[in-house]
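Asker: Input: one structure, supplied below.
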Amino acid sequence: MSPYEVRPAALVLTGSRRYRLTVLNVGLACCAVEAVVAALGDSEVPGELPLAGPDDAVEVLVVSGTVTDKLAPLVHRLHAELPGPVKVVSFGACANSGGPYWDSYSVTKGVHLVLPVDVWVPGCPPRPEALLAALQELDGGAA
Amino acid sequence: MTGPPPRSRGTIGLLEENCTVCMLCARECPDWCLFIEGHTELAPAVKEGGRPRTRHVLDRFAIDWSVCMYCGICVEVCPFDALFWAPELVGAEPAREALVDEREDLRAWLRGVPPPPALDPSAEPAEELLAARRLEAITAQRAQR
Amino acid sequence: MTDVAARLAAVLPAATVSAAYGVVTADVERAGWVEGVTAVRDDPELDGTFLDLLTGVDQSPGGFDIVVRLWSVARRTGVHLRTTCPRDDARVPSLTGVFAGAAWHEREVAEMFGVDFAGHPGLDPLLLPEGGVARPLRKEHVLASRVDVPWPGAVDPADSGEGGRPSRRRLLPPGAS
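Protein chains in written order, with my numbering: chain A, 1 to 143; chain B, 1001 to 1145; chain C, 2001 to 2177.
Given below as structure tokens:
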């Protein structure tokens, strides 16, 4: 029996209590670290990741990192198997367009070729506050 | 969370007055994300019977932020100091096309460019100041004669 | 460094041992590849018990080199072993019998260069999607994006407008021919 308990880890981000979104971070590369820092900074308990509970349905999918051609079908499947409508955030240059790997033989030139993207966040990597600003944009642009 | 530090690579501002459309930034960009167009115009000769001078005129200068990897090669390679880092963040957009900034937007980013670090007190003054002082001295000398 | 090279030459008498830039390399014939790697692994002095890397080099227009680095954790020294295969017979014995960990390295070299590893339990693609025909690390492989996407640096203001200089040498971006 494995000593580790594996459960899907969606995060609840609240943008300083202006909204409440259940966010699934599809952390594929370096941008994942910035997305996690955004969650850490958003937590009520400093340094603790605000994990979603069993009743929280994923509302936002953040693709943070490079999508390779090998992994693209899995990213598509992950999005397809989520119940309910989900907004997609393309986080970082690699998710937007392939970024620095725009000419690679193995990189998908942007997750928009695999999923419908609602918000595009530029950066390499974007700062954590850029993700929080993008989530705010999704939530109706409330200032 | 405090804002980005002053020398952060947030965005790039374009000072068009310094740009000679040499195309070095567009050529050196590893992501091919700078789009520059220009044309040449003739200016009158300086002296009587001289050759007309060729001037490059900038038509388009655009940066695609969805591809940019913020390496700074364009800023470093510009021989005329027309590009500057600014710590402001390029905002998220609902469409990828909106992440392309044209020359007006790039000029606006200059508002965030921090002043250059102060020179060491014992350092030589900036070259422009030295040139201006030399010119003043020469003008004063000629006025005295 | 010289004693490592000397020991390697003694352990592999049929190989050509060279040393350059702090790296000792033994060039081994393809037929003796498995025996050579096994000998370096089992030798008590060289102690090449850690397979650090297994990779390929496209020596176009020649064949392919397969390069292996064996490292001794106890002695903190390593040696390179290298074999070659011709382009039209790109086949090398697999090292999975010597190092189980060579399996994934050989899968990567197989998909990137198109080299077959005889005796490998399953040369499925590792990093590239299934069903691909491209061999991306071969020198003749062209990066499609650098051909399809127009290079912004190809534009020259001198080409349009009055006073432009004629026949300026066209520059090409790196990676395009």
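Built from N, CA and C at the ideal position, the CB exists for glycine as well.
1) Within 8 Å of any Cβ in chain B, is that where the Cβ of V2147/C sits?
2) Output yes if chain A places a C-beta closer than 8 Å to the C-beta of A2090/C; else output no.
3) In three-state DSSP terms, what is R1133/B?
4) Quick one: residues in its chain with C-beta nearer than 8 Å to the C-beta of A142/A, no 5 flanking neighbours on either side, listed in chain order?
5) Find the residues of chain A that neighbour P2136/C, judging by a C-beta separation of less than 9 Å, and give them in chain order.
6) Just the Cα atoms here: how many angstroms apart are A93/A and W120/A?
7) Over what stretch of residues does the alpha helix (DSSP H) that includes G2048/C continue unbroken?
8) My assumption, with CB atoms under 8 Å, is that R1060/B sits in contact with E1037/B. Please give the rounded CB distance.
9) According to DSSP, which residues form a beta bridge with S90/A?
10) Would M1023/B pass as an interface residue toward chain A - the criterion being a Cβ-Cβ separation below 8 Å?
11) Kindly list the residues whose CB is nearer than 7 Å to the CB of D1081/B, restricted to its own chain and excluding five residues on each side of it in sequence; keep chain order.
12) In the DSSP assignment, find the unbroken beta strand (DSSP E) run with H1039/B in it and report its ends.
13) In three-state DSSP terms, what is T2002/C?
14) What do you reckon, are the CB atoms on L11/A and L51/A nearer than 8 Å?
15) Contact check, T1040/B vs P2157/C under 8 Å by CB: the rounded distance?
16) What is the C-beta distance between S64/A and A35/A, in whole angstroms, given that I count them as a contact (C-beta under 8 Å)?
17) For A1062/B, is the classification buried or exposed, using 16 other Cβ atoms within 10 angstroms of its Cβ as the cut-off for buried?
18) By the three-class DSSP mapping on this structure, what secondary structure does L2172/C have?
19) Measure from the C-beta of R17/A to each C-beta in chain B and report whether the shortest distance is under 8 Å.
20) Mapping the DSSP letters down to three states, classify C2085/C as helix, strand or coil.
21) Whose C-alpha, out of V2149/C, V2155/C, A2100/C, D2089/C, is nearest the C-alpha of G2062/C?
22) Using beta-carbon positions only, say whether V2028/C and V2098/C come within less than 8 Å of one another.
23) Please report how far the alpha carbon of Y4/A lies from the alpha carbon of A2118/C, in whole angstroms.
24) Between the Cα of L82/A and those of S106/A, V117/A, E129/A, L61/A, spot the shortest distance and give me the residue it belongs to.
25) Could you pull out every unbroken beta strand (DSSP E) segment of at least 3 residues lying fully inside the region 7 to 69 of chain A, listed in chain order?
26) Give me whichever residues DSSP pairs with F1061/B in a beta bridge.
27) Alpha carbon to alpha carbon, how far is G1010/B from P1004/B? Give it in angstroms, no decimals.
28) Using the beta-carbon of each residue, which ones in chain C are nearer than 9 Å to I1036/B?
29) Use the C-beta contact count for G123/A: other C-beta atoms within 10 angstroms, 16 or more gives buried, fewer gives exposed.
30) Kindly indicate which residue of M1023/B, P1125/B, C1068/B, V1113/B has the alpha-carbon position closest to the one of P126/A.
31) Using a C-beta to C-beta distance shorter than 9 Å, which residues of chain A count as neighbours of G1091/B?
32) Indicate whether A133/A and G1091/B have their beta-carbon atoms separated by less than 8 Å.
33) Would you kindly work out how many angstroms separate the C-alpha atoms of D56/A and H112/A, rounded to a whole number?
34) Give a yes or no on whether 8 Å exceeds the smallest Cβ distance from C1074/B to chain A.
35) Have a look at G1013/B, P1087/B, I1073/B and flag the residue whose alpha-carbon is nearest the alpha-carbon of E129/A.
36) Run the CB neighbour count on A80/A, radius 10 Å, all protein chains shown included, and call it buried at 16 or more, exposed below.
Answerer: In terms of the structure at hand:
1) Within the third sequence, residue 2147/C is the residue found at index 147, counting from 1. Output row for V2147/C: interface = no.
2) For this step, residue 2090/C is matched to residue 90 along the third sequence. False, the Cβ-Cβ gap to chain A never drops below 8 Å.
3) Within the second sequence, the letter at position 133 stands for residue 1133/B. R1133/B falls in the helix class under three-state DSSP.
4) Position 142 of the first sequence, counted from the start, is the residue given in the question as residue 142/A. No answer about A142/A holds up, because its pLDDT of 43 lies below 50 and its placement is not dependable.
5) Along the third sequence, read from residue 1 onward, the residue named residue 2136/C stands at position 136. Within chain A, the residues near P2136/C are S104, Y105, S106.
6) Here residue 93/A refers to the residue found at position 93 when the first sequence is read from its first residue. Here residue 120/A refers to the residue found at position 120 when the first sequence is read from its first residue. So the two alpha carbons sit approximately 9 Å from each other.
7) On the third sequence, residue 2048/C is found 48 positions in, with the first residue counted as 1. No alpha helix (DSSP H) holds G2048/C; DSSP gives it neither H nor E.
8) For the purposes of this step, residue 1060/B is taken as residue 60 along the second sequence, with counting starting at 1. For the purposes of this step, residue 1037/B is taken as residue 37 along the second sequence, with counting starting at 1. With a Cβ gap of about 4 Å, R1060/B and E1037/B count as contacting.
9) As a first step, residue 90/A must be located in the first sequence, where it is residue number 90. Bridge partners of S90/A: V63/A, W120/A.
10) Residue numbering aside, residue 1023/B sits at position 23 when the second sequence is read from its first letter. Output row for M1023/B: interface = no.
11) As a first step, residue 1081/B is located in the second sequence; it is residue number 81 there, counting from the start. Same-chain partners within the cutoff: N1018.
12) Your numbering for residue 1039/B matches position 39 in the second sequence. Run containing H1039/B: 1034 to 1043, per the beta strand (DSSP E) assignment.
13) By one-based count along the third sequence, residue 2002/C stands at place 2. Of the three classes helix, strand and coil, the one that applies to T2002/C here is helix, per DSSP.
14) Translated into positions along the first sequence, residue 11/A becomes position 11. Translated into positions along the first sequence, residue 51/A becomes position 51. Going by C-beta atoms, L11/A is nearer than 8 Å to L51/A.
15) The sequence position of residue 1040/B within the second sequence is 40, counting from 1. The sequence position of residue 2157/C within the third sequence is 157, counting from 1. The pair is a contact, with the Cβ atoms about 6 Å apart (cut-off 8 Å).
16) Working through the first sequence from its first residue, we reach residue 64/A at position 64. Working through the first sequence from its first residue, we reach residue 35/A at position 35. The Cβ separation is near 4 Å, so the contact holds.
17) Working through the second sequence from its first residue, we reach residue 1062/B at position 62. Label assigned to A1062/B: buried.
18) By one-based count along the third sequence, residue 2172/C stands at place 172. Three-state DSSP puts L2172/C in coil, outside helix and strand.
19) Numbered from its first residue, the first sequence carries residue 17/A at position 17. Cβ-Cβ to chain B under 8 Å: no for R17/A.
20) As a first step, residue 2085/C must be located in the third sequence, where it is residue number 85. In this structure, C2085/C counts as strand in the three-state DSSP scheme.
21) If you number the third sequence from 1, residue 2062/C lands on position 62. Minimum Cα distance to G2062/C is reached at D2089/C.
22) The residue you call residue 2028/C lines up with position 28 of the third sequence. The residue you call residue 2098/C lines up with position 98 of the third sequence. Going by C-beta atoms, V2028/C is not nearer than 8 Å to V2098/C.
23) For the purposes of this step, residue 4/A is identified with residue 4 of the first sequence, where counting begins at 1. For the purposes of this step, residue 2118/C is identified with residue 118 of the third sequence, where counting begins at 1. Roughly 39 Å separates the two Cα atoms.
24) Here the question's residue 82/A lines up with position 82 in the first sequence. Considering only alpha carbons, the answer is L61/A.
25) 11 to 13, 21 to 27, 60 to 64
26) Taking the second sequence and counting its residues from 1, the one referred to as residue 1061/B is at position 61. Looking at the DSSP assignment, F1061/B forms a beta bridge with I1036/B.
27) Within the second sequence, the letter at position 4 stands for residue 1004/B. Within the second sequence, the letter at position 10 stands for residue 1010/B. Each residue's Cα considered, the two are about 8 Å apart.
28) The count along the second sequence starts at 1 and reaches residue 1036/B at position 36. Within 9 Å Cβ-Cβ: P2152, G2153, V2155, P2157.
29) On the first sequence, residue 123/A is found 123 positions in, with the first residue counted as 1. The residue in question, G123/A, is buried, as its Cβ has 16 or more Cβ neighbours within 10 Å.
30) Working through the first sequence from its first residue, we reach residue 126/A at position 126. Of M1023/B, P1125/B, C1068/B, V1113/B, the residue nearest in Cα terms is C1068/B.
31) Within the second sequence, numbered from 1, the residue matching residue 1091/B stands at position 91. Correct list: V121, P122, A130, A133, A134, E137.
32) Position 133 of the first sequence holds residue 133/A. Position 91 of the second sequence holds residue 1091/B. Closer than 8 Å, so yes.
33) Stepping through the first sequence from its first residue, residue 56/A is reached at position 56. Stepping through the first sequence from its first residue, residue 112/A is reached at position 112. Spanning the two alpha carbons is a distance of roughly 26 Å.
34) One-based indexing of the second sequence puts residue 1074/B at position 74. Not an interface residue.
35) Within the first sequence, the letter at position 129 stands for residue 129/A. Residue P1087/B is the option with its Cα nearest to E129/A.
36) Your numbering for residue 80/A matches position 80 in the first sequence. A80/A should be labelled exposed.
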